[in-house]
Amino acid sequence: SPPKRVDDREGHYVFNLGENLTPRCEFPIAAVVGTFGRVLECWDRNTREFVAIKVIRSISKYRDAAMIEIDVLQLLARNDKSSSRCVQIQNWFDYRNHICIVFEKLGPSLYDFLKRNKYCPFPVDLVREFGRQLLESVAYMHDLQLIHTDLKPENILLVSSDHIKLPATKETHYRWLPKSSAIKLIDFGSTAYDNKNHSSIVSTRHYRAPEIILGNHC
Numbered sequence: 013s014p015p016k017r018v019d020d021r022e023g024h025y026v027f028n029l030g031e032n033l034t035p036r037c038e039f040p041i042a043a044v045v046g047t048f049g050r051v052l053e054c055w056d057r058n059t060r061e062f063v064a065i066k067v068i069r070s071i072s073k074y075r076d077a078a079m080i081e082i083d084v085l086q087l088l089a090r091n092d093k094s095s096s097r098c099v100q101i102q103n104w105f106d107y108r109n110h111i112c113i114v115f116e117k118l119g120p121s122l123y124d125f126l127k128r129n130k131y132c133p134f135p136v137d138l139v140r141e142f143g144r145q146l147l148e149s150v151a152y153m154h155d156l157q158l159i160h161t162d163l164k165p166e167n168i169l170l171v172s173s174d175h176i177k178l179p180a181t182k183e184t185h186y187r188w189l190p191k192s193s194a195i196k197l198i199d200f201g202s203t204a205y206d207n208k209n210h211s212s213i214v215s216t217r218h219y220r221a222p223e224i225i226l227g228n229h230c
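For the sequence shown, my numbering gives the first residue as 13, with consecutive numbering after it.
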């Protein structure tokens, strides 16, 4: 394990790329920062494959939310008899006051892919396929009395990073398309149980539906 360091002022774990998180996991080259913490792309020496590890900030409210997310992920995994299109938890552990959740490694989010394409839209057939899979994952959650509450392009990941480059056109110099349309839903930290009390204000503000904003006045 790396030497102990003081977390940064926001409670994020401080690390150097290429060092070990645990004797089993090594940080290679990638990290994504979010409100909850960081997602690190790591090499698992036991399985000899890359995994994604969500390292939660060492702040009580984020640790509590992470434990709720772990409960949801384990519930989803226990009942997943077929492909639910929900990301799979592999393990979790508490490391130096940071909850760490180990996931299968997936590709980029739909948002990141769009951004790389300078926000050029996906073809209609591809959008239709994304929509079908997303509805399957939402239906699976609803069967378990779970509500995701934070559906957005940032939380929908392509299963593979493989892509193709289309020839140049007059409108754009180039355009990328994913080789596979397979997607998975991620980030269950805001999941609500349908049979329990939960906040009436849900979802990320700039994606929030009018009926949520208007509340009972809708």
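All C-beta atoms, glycine included, are put in the ideal place defined by N, C-alpha and C. Only a predicted model underlies this, so the values are computations on that prediction, with no experimental measurement involved.
>> Just to confirm my understanding: we take residue 36, look at its own chain, exclude 5 residues before and 5 after, and list those with CB closer than 7 Å. What are they?
In response: Within the same chain, residue 36 has close Cβ partners 56, 57 and 58.
> What span of residues does the beta strand (DSSP E) with residue 84 cover, start to end?
Replying inline: Counting along the chain, no beta strand (DSSP E) covers residue 84; the unbroken alpha helix (DSSP H) around it starts and ends at 72-90.
> Got a sec, what are the start and stop residues for the beta strand (DSSP E) residue 100 sits in?
Replying inline: It is not in any beta strand (DSSP E) - residue 100 carries neither H nor E in the DSSP assignment.
> Would you say residue 122 reaches chain C, if we count a Cβ-Cβ gap shorter than 8 Å as a contact?
Replying inline: Looking for chain C here will not work: only one protein chain is present.
> Alpha carbon to alpha carbon, what distance is there between residue 30 and residue 190?
Replying inline: Their Cα atoms are separated by approximately 29 Å.
>> For a quick check, are the C-beta atoms of residue 163 and residue 119 less than 8 Å apart?
In response: If you check the CB distance, residue 163 and residue 119 do not come in under 8 Å.
> Would residue 145 be called buried (16 or more neighbouring beta carbons within 10 Å of its own) or exposed?
Replying inline: Residue 145 is buried by the Cβ-count criterion.
> Would residue 218 be called buried (16 or more neighbouring beta carbons within 10 Å of its own) or exposed?
Replying inline: Classification for residue 218: exposed.
>> Tell me the DSSP secondary structure of residue 168 in three-state form.
In response: Strand.
>> To the nearest angstrom, how far is the alpha carbon of residue 94 from that of residue 166?
In response: One Cα belongs to residue 94, the other to residue 166, and the distance between them is close to 24 Å.
>> Assuming contact is defined by CB atoms lying nearer than 8 Å, are residue 111 and residue 78 in contact in what I supplied?
In response: The Cβ-Cβ distance between residue 111 and residue 78 falls below 8 Å.
>> My output table needs one value for residue 126: the three-state DSSP class, helix, strand or coil.
In response: It is helical.
> In chain order, what residues of the same chain lie with their CB nearer than 8 Å to the CB of residue 156, ignoring the 5 residues before and after it?
Replying inline: Annotation for residue 156: 87, 88 and 91 place their beta carbon closer than 8 Å to its own, counting only its chain and skipping 5 residues before and after.
> Do residue 124 and residue 158 have their C-beta atoms closer together than 8 Å?
Replying inline: Judged by beta-carbon spacing, residue 158 lies beyond the 8 Å limit of residue 124, meaning their Cβ atoms are not closer than that value.
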